[in-house]
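Residues -25 to -1, 1 to 146 (mature numbering (1 follows the signal peptide of the UniProt record, and there is no 0)) are what the sequence shown spells out, left to right. Backbone N, C-alpha and C fix where the C-beta goes; we use that ideal spot for every residue, glycine too. Have a look at the structure below, then the notes.
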Amino acid sequence: MNPIRMHSRIAISAMAMTMVSSLYAGDARYPVKTIQKIDIISPSESSSWASKNWLDCDDVVLTEEDVRYALQHIRRISRKAFFSEDRERTGCAGSASVRFHNGKLIVIGVEPTGFINIFEATETLKPKSISESFYDCPPCNKRKMDLLQDALDRATERRLKELKRQGRLPP
């Protein structure tokens, strides 16, 4: 093989690997290496549209490990994409405050589907500005849903029992 062609292929492969690894590389404003402290504010809460037929929010508990993983893999999205009617929702979420060594304090809300919102906060955890950032984290979704497989199976059982009770499913 021609050495120039071989070097070109190596260079192209290296660029492709870099692009793939940086696709979910996190937000440079919130480097995981500089985290000083993570406090879980609300490990699990449900909103008005939570559906226990799909997933019981009591089974979805946010951990420090989840927060670190999310900050490593988030990808910024628009407000419109975050609030899109087409996106998957569980109605469950957890939140945490994260303090960095440089003194920056953020509040992060994490849904098991991998949708995340972050705002910079004051010491009393109030937003510093109106600005809020929205993120998607497909690796977070896969990781959390793998961990929640038992909870999803229980939800499926509840749905099947309800269908049998209604007579819409043969015994």
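Is the separation between the beta-carbon of residue i and that of residue j shorter than 9 angstroms?
| i | j | result |
| --- | --- | --- |
| Ile15 | Val35 | no |
| Phe90 | Ile81 | no |
| Cys115 | Ile10 | no |
| Gly1 | Leu37 | no |
Check the C-beta distance from residue i over to residue j and give it rounded, since I have them as a contact under 8 angstroms.
| i | j | result |
| --- | --- | --- |
| Ala126 | Asp31 | 6 angstroms |
Which residue's Cα is closest to the Cα of residue i: the options?
| i | options | result |
| --- | --- | --- |
| Pro18 | Glu39, Lys8, Pro6, Val7 | Glu39 |
| Thr65 | Leu138, Lys139, Met120, Arg133 | Met120 |
| Ser59 | Lys79, Val73, Tyr110, Leu100 | Tyr110 |
| Tyr5 | Arg129, Cys67, Ile93, Asp33 | Ile93 |
| Cys67 | Glu98, Thr99, Glu20 | Glu20 |
Skipping 5 residues on each side, what residues in its chain have a beta carbon closer than 8 angstroms to that of residue i?
| i | result |
| --- | --- |
| Arg62 | Ala56, Thr88, Phe90 |
| Val7 | Gly1, Arg43, Leu46, Gln47 |
| Glu98 | Leu80 |
What separation, rounded to the nearest whole angstrom, lies between the Cα atoms of residue i and residue j?
| i | j | result |
| --- | --- | --- |
| residue 165 | Gly84 | What the structure shows of the chain is the stretch from -25 to 146, and residue 165 is not part of that stretch, so it cannot be assessed. |
| Gly69 | Ser22 | 11 angstroms |
| Ser53 | Glu107 | 10 angstroms |
| Lys103 | Val73 | 14 angstroms |
| Lys12 | Gly78 | 11 angstroms |
| Cys112 | Arg143 | 37 angstroms |
| Glu132 | Lys101 | 41 angstroms |
| Glu137 | Asp33 | 20 angstroms |
| Ala3 | Ile105 | 20 angstroms |
Tell me which residues share the same chain as residue i and place their Cβ nearer than 7 angstroms to its Cβ, disregarding the 5 neighbours each side in the sequence.
| i | result |
| --- | --- |
| Tyr44 | Cys115, Arg118 |
| Ala71 | Ile13, Asp14, Ile15, Ile16, Leu37, Val42, Ile83 |
| Gln141 | none |
| Glu86 | Thr65, Cys67, Ala68 |
Leaving out five residues on either side along the sequence, give the residues of the same chain with a beta carbon under 6 angstroms from the beta carbon of residue i.
| i | result |
| --- | --- |
| Arg51 | Tyr110 |
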